[in-house]
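Visitor: Numbering-wise (this note's numbering), the sequence shown opens with residue 9 and increments by one. Where is the CB? At the ideal position from N, CA and C, for every residue including glycine. Here the structure is a predicted model, which is why all the values come from computation and not from measurement.
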Amino acid sequence: MKRAAILCLLLTPFFLPSSFAQFNTGSNSSEAAALFQAAQKEQNPKLIKALCLKALTIDSIFIDARNYLAETYWNLNLTDSALSMYQSSLEKYPRGIRAHEGLARLYQKKGEHQTAILQYQELLQHYPGYPPALYGMAMVYFTQNQFPESIEYSEQAMRLYLAANRPEHAADARMLAGQAYLKHGNANRAIKYFKASKKRFGDKPYFYYHLGECYLMLGKTEKAEELFAQAQSRGYQIPMHLRKKQGSK
């Protein structure tokens, strides 16, 4: 089963807690700030790296530059350098959201899933009820086939996103919860969540595939095959064993 259908919120959070603004992550140096602004406008990762490093030689406590440089190292596949830069960012500002999220995603990429979860947990200690951290934990648990935990945290994220009037983010969390319910064997609950997410995902091929999986689990073969056909017509690669079943009819 492809993991591509699992949604992921990227580094920029959908909102920042009010306490986040209490620390200046920018620079008081106009020269360092100008270099960082140039880096943000630059497209070449190597030039971005050079500009950020130069800014940091002027202002070593420039958190935004450190995080941006970490992301640039990641884009250059310099994983160890990215980890080191995020860690140095947290040494200077332990409550940094971007650094914690960046580290969590990097650790997950390296297969250090428990360490990734610890990063999200630490972020939640700083900002209790922060939905992207809950969603991130749900993602890690899902990839580790720990579906009850994935359900727990994706549903928490969904409820908080809804309370914050962020329906698209809530739909992302609901879709992930639906996938976790499906993997955990609760097809009816998964169908409920998938159908509630149709407004956001109804144009996605995997939406119909996952619904088809649910109906197949419930023994409703004809309905499942209709949905698999819709997924396939939209470009989804149906697994070979299901294609063989369709072809045998």
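So is L77 buried or exposed if we call it buried at 16+ other beta carbons inside 10 Å?
Guide: The residue labelled residue 77 in the question sits at position 69 within the sequence shown. Buried.
Visitor: Could you check the C-alpha separation between G144 and E176 for me, to the nearest Å?
Guide: Indexing the sequence shown from 1 puts residue 144 at position 136. Indexing the sequence shown from 1 puts residue 176 at position 168. Between G144 and E176, the C-alpha separation is close to 16 Å.
Visitor: Start and end of the alpha helix (DSSP H) containing N196?
Guide: Within the sequence shown, numbered from 1, the residue matching residue 196 stands at position 188. Start and end: 195-204.
Visitor: My output table needs one value for Y128: the three-state DSSP class, helix, strand or coil.
Guide: For the purposes of this step, residue 128 is identified with residue 120 of the sequence shown, where counting begins at 1. Helix.
Visitor: With 16 other CB atoms within 10 Å as the buried threshold, where does P140 fall?
Guide: As a first step, residue 140 must be located in the sequence shown, where it is residue number 132. So P140 counts as buried.
Visitor: By DSSP, does L15 sit in helix, in strand, or in coil?
Guide: Looking up residue 15 in the sequence shown gives position 7. Reliability of the predicted coordinates at L15 is poor, the pLDDT of 43 falling under 50, and the value obtained from them is presented with this limitation in mind. L15 falls in the coil class under three-state DSSP.
Visitor: Leaving out five residues before and five after A90 in sequence, what residues of the same chain have Cβ atoms less than 7 Å from its Cβ?
Guide: Residue mapping note: residue 90 aligns to position 82 of the sequence shown, counting from 1. Hits under 7 Å: A78, Y81, W82, L114.
Visitor: From K57 to Q240, what does the alpha carbon distance come to, in whole angstroms?
Guide: Here residue 57 refers to the residue found at position 49 when the sequence shown is read from its first residue. Here residue 240 refers to the residue found at position 232 when the sequence shown is read from its first residue. C-alpha separation (whole angstroms): 43 Å.
Visitor: Helix, strand or coil: which one does DSSP assign to H192?
Guide: Mapped onto the sequence shown, residue 192 falls at position 184. It is coil, neither helix nor strand.
Visitor: Compute the Euclidean distance between the alpha carbons of S37 and R74, then round it to the nearest angstrom.
Guide: Working through the sequence shown from its first residue, we reach residue 37 at position 29. Working through the sequence shown from its first residue, we reach residue 74 at position 66. So the alpha carbons of these two residues sit roughly 15 Å apart.
Visitor: Suppose contacts are defined by Cβ-Cβ distances below 8 Å. Is G220 in contact with F236 by that definition?
Guide: As a position in the sequence shown, residue 220 is number 212, starting the count at 1. As a position in the sequence shown, residue 236 is number 228, starting the count at 1. Cβ atoms of G220 and F236: closer than 8 Å.
Visitor: Roughly how many angstroms separate the alpha carbons of L126 and Y101, rounded to a whole number?
Guide: As a position in the sequence shown, residue 126 is number 118, starting the count at 1. As a position in the sequence shown, residue 101 is number 93, starting the count at 1. Those two C-alpha atoms are separated by around 17 Å.
Visitor: Any idea what DSSP makes of F236, helix, strand or coil?
Guide: Sequence index remark: in the sequence shown, residue 236 carries index 228 (1-based). Three-state result, F236: helix.
Visitor: I need the DSSP call for M248, collapsed to helix, strand or coil.
Guide: Counting from one through the sequence shown, the residue named residue 248 turns up at place 240. Reduced to three states, the DSSP call for M248 is helix.
Visitor: Could you tell me whether the Cβ atoms of Y223 and Q238 are closer together than 8 Å?
Guide: Start at 1 with the first residue of the sequence shown, and residue 223 comes out as number 215. Start at 1 with the first residue of the sequence shown, and residue 238 comes out as number 230. Going by C-beta atoms, Y223 is not nearer than 8 Å to Q238.
Visitor: Can you tell me which of L132, R103, S162, N32 puts its alpha carbon nearest to the alpha carbon of I69?
Guide: For the purposes of this step, residue 69 is taken as residue 61 along the sequence shown, with counting starting at 1. When only C-alpha atoms are compared, the closest one is N32.
Visitor: CA-CA distance, C16 and Y135?
Guide: Working through the sequence shown from its first residue, we reach residue 16 at position 8. Working through the sequence shown from its first residue, we reach residue 135 at position 127. In this predicted model, C16 has a pLDDT of only 40, less than 50, meaning its place in the structure is not dependable; the value taken from the coordinates is given anyway. Looking at the two C-alpha atoms, the distance is approximately 20 Å.
Visitor: Considering N83, what are the terminal residues of the alpha helix (DSSP H) in which it resides?
Guide: Position 75 of the sequence shown, counted from the first residue, corresponds to residue 83. Residues 71-83.
Visitor: Mapping DSSP to helix, strand and coil, what is D211?
Guide: As a first step, residue 211 is located in the sequence shown; it is residue number 203 there, counting from the start. Looking at D211 - three-state DSSP - the assignment turns out to be coil, as it is neither helix nor strand.
Visitor: Which value, in whole angstroms, describes the spacing of the CA atoms of K117 and A41?
Guide: Position 109 of the sequence shown, counted from the start, is the residue given in the question as residue 117. Position 33 of the sequence shown, counted from the start, is the residue given in the question as residue 41. Answer to the nearest angstrom: the Cα atoms are 31 Å apart.
Visitor: Anyone know if the C-beta pair for R108 and L86 falls short of 8 Å?
Guide: Against the sequence shown, residue 108 aligns to sequence position 100. Against the sequence shown, residue 86 aligns to sequence position 78. Here the sequence assigns His to residue 108, which means Arg is not the residue at that position. Not closer than 8 Å, so no.
Visitor: Give me the Cα-Cα distance between M166 and R174, rounded to the nearest whole angstrom.
Guide: By one-based count along the sequence shown, residue 166 stands at place 158. By one-based count along the sequence shown, residue 174 stands at place 166. One C-alpha to the other measures close to 9 Å.
Visitor: Would you tell me roughly how many angstroms separate the C-alpha atoms of A124 and F202, rounded to the nearest one?
Guide: Indexing the sequence shown from 1 puts residue 124 at position 116. Indexing the sequence shown from 1 puts residue 202 at position 194. Those two C-alpha atoms are separated by around 27 Å.
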